[in-house]
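What follows is one structure encoded as structure tokens, with my remarks underneath.
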Ligand code: SF4
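Residue numbers (our numbering): 38 to 204.
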């Protein structure tokens, strides 16, 4: 079942395989800097070792979930020549990173629906969720400042919940 957090790799420029960094170790088979395409990534954004990732030491790739940030960031830059223009590529990766944080926060606040925190706090939670959805689904690049403020408000809300739950 598709949800607001479903990754759609077919509509993504393989941003998890390019924008993010990782280090050789238990979860990845080699070092990779942020912004550098993984050496297992083909030109059509497909992983050339997809079926053998676990066997070849890339468990981290299987475990990672962008929660739908990838296709959202890719849609914003679909008409841009980011592959040939490093400054545009950096903006694309920054959008991906921000959308990843928005989607992670959205999921955290959806999960909080199960908490016994009273009607008022659930009302606040839903209002924050609505704002997160508006920004995450806006397909706008220029949400940085608003999104940072919103994420800060969400973190404060979650901190508040900790005290309520502990009481
Ligand atoms: S191994 Fe495959 S899935 Fe993992 S980062 Fe590289 S291209 Fe992407």
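A virtual CB, placed ideally from N, CA and C, is assigned to each residue, including glycine.
7 Å Cβ shell around residue i - same chain, five flanking residues per side excluded
i: residue 136; result: 106, 109, 110 and 173
Alpha-carbon spacing of residue i relative to residue j, whole angstroms
i: residue 142; j: residue 76; result: 31 Å
i: residue 69; j: residue 155; result: 45 Å
i: residue 122; j: residue 203; result: 50 Å
i: residue 86; j: residue 65; result: 13 Å
i: residue 178; j: residue 160; result: 28 Å
i: residue 46; j: residue 52; result: 9 Å
i: residue 187; j: residue 43; result: 22 Å
i: residue 167; j: residue 57; result: 28 Å
i: residue 117; j: residue 50; result: 12 Å
i: residue 158; j: residue 83; result: 43 Å
i: residue 171; j: residue 41; result: 12 Å
N- and C-terminal bounds of the alpha helix (DSSP H) containing residue i
i: residue 194; result: 181–203
i: residue 108; result: 106–113
i: residue 134; result: 123–148
i: residue 171; result: 155–173
i: residue 98; result: 96–100
C-beta atoms of residue i and residue j nearer than 8 Å
i: residue 169; j: residue 146; result: yes
i: residue 184; j: residue 152; result: no
i: residue 55; j: residue 80; result: no
i: residue 90; j: residue 99; result: yes
i: residue 144; j: residue 195; result: no
i: residue 112; j: residue 119; result: no
i: residue 59; j: residue 94; result: no
For this session: When you get a sec, list the residues whose CB is within less than 6 Å of any heavy atom of ligand 1, chain order please.
Result: 54, 75, 77, 78, 84, 86, 90, 95 and 98
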